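Structure first, then comments.
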Amino acid sequence: MLTKKDIRKEYLEKRLNLPDDVIATLNRELLQQCRLLDYSNFNMAHIFLPITEKKEADTHALVDWAREAYPALQWALSRSDMRNATMEHFLWKPDTVLVKNAYGIPEPAGGVTLPPAEMDLVFVPMLAFDKKGQRVGYGKGMYDRFLKQCSPTVTTIGLSLFEPVEAIADAGENDVPLDMVVTPQTIYYFKKS
48 MLTKKDIRKE YLEKRLNLPD DVIATLNREL LQQCRLLDYS NFNMAHIFLP
98 ITEKKEADTH ALVDWAREAY PALQWALSRS DMRNATMEHF LWKPDTVLVK
148 NAYGIPEPAG GVTLPPAEMD LVFVPMLAFD KKGQRVGYGK GMYDRFLKQC
198 SPTVTTIGLS LFEPVEAIAD AGENDVPLDM VVTPQTIYYF KKS
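Here is the structure:
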């Protein structure tokens, strides 16, 4: 079994080596899978915006579609504080000003702050995941800490351009498993532990 460090290195390299046309196709297929889910029971969805230089899953098309299909659903974005590995959350309106931080992450310049407990749906970025719903991110633990601050009933959806690895050898008690992961090919469902 591979460790998070091994998986992180392998999958970041794998993603960075994908040609742009393949990335575009995978993102279109990922959106098609996301459109199969029913968002009508959610009020506040938290989403990440992609670091384009790292070829992350493109969430812009998902939000554009969902704003049309589910106009009552509100959206939240985070601003990261890398010094203490925390996130501050803001209501994302169509006129919210976004600025890229030093890591290339588009973030809200400001606005109405929201507590994590208000989010009932969280889309989670990742490099890879396993068949138990554990994920590998960039290694700072920011999303795991954030998800622990959310309501116990929050629904978590990971977005991955790749299929799962068998298992993550060093997944631990501080790692928050996901409820589901959407890939370009399918949707994986996991039970909360």
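All the letters of the sequence shown, read from the start, carry residue numbers 48 to 240 under our numbering. Heads up, the beta-carbon is just placed ideally off N, CA and C, and yes, glycines get one too. If you're wondering where the values come from, they're calculated on a predicted model, not measured in any experiment.
How many Å lie between residue i and residue j at the Cα?
i: valine 183; j: tyrosine 150; result: 18 Å
i: glutamate 76; j: leucine 83; result: 11 Å
i: histidine 107; j: aspartate 191; result: 23 Å
i: phenylalanine 95; j: lysine 179; result: 22 Å
i: leucine 78; j: valine 159; result: 28 Å
i: histidine 93; j: threonine 202; result: 10 Å
i: leucine 168; j: valine 144; result: 23 Å
i: isoleucine 70; j: asparagine 88; result: 31 Å
i: glutamate 135; j: lysine 187; result: 15 Å
i: glycine 157; j: methionine 48; result: 42 Å
i: tyrosine 58; j: lysine 140; result: 32 Å
i: leucine 225; j: phenylalanine 237; result: 7 Å
i: valine 229; j: phenylalanine 176; result: 11 Å
i: aspartate 142; j: leucine 124; result: 13 Å
Only counting the same chain, and skipping five residues up and downstream in sequence, which positions put a Cβ closer than 6 Å to that of residue i?
i: methionine 173; result: Arg182, Gly184, Gly205 and Ser207
i: isoleucine 98; result: Gly151 and Ile152
i: glutamine 121; result: Met91
Please say whether residue j and residue i have beta carbons closer to each other than 8 Å?
i: aspartate 217; j: lysine 101; result: no
i: tyrosine 164; j: serine 198; result: Reading the sequence as shown, one finds alanine at residue 164 and not tyrosine. Yes, they are a contact pair.
i: asparagine 74; j: alanine 113; result: no
i: threonine 233; j: glutamine 80; result: yes
So, for residue i: in the same chain, excluding its five sequence neighbours on each side, which residues have a beta-carbon less than 8 Å away from its beta-carbon?
i: serine 240; result: Only weak support is given to the placement of serine 240: the predicted model assigns it a pLDDT of 46, under 50, and the value that follows is read from those uncertain coordinates. Result list for serine 240: Pro224, in chain order.
Among the residues of its own chain, which have a CB less than 7 Å from the CB of residue i, if the five just before and after it don't count?
i: phenylalanine 193; result: Met134 and Pro163
Since residue i sits in a beta bridge, which residues does DSSP pair it with?
i: glutamine 121; result: Met91
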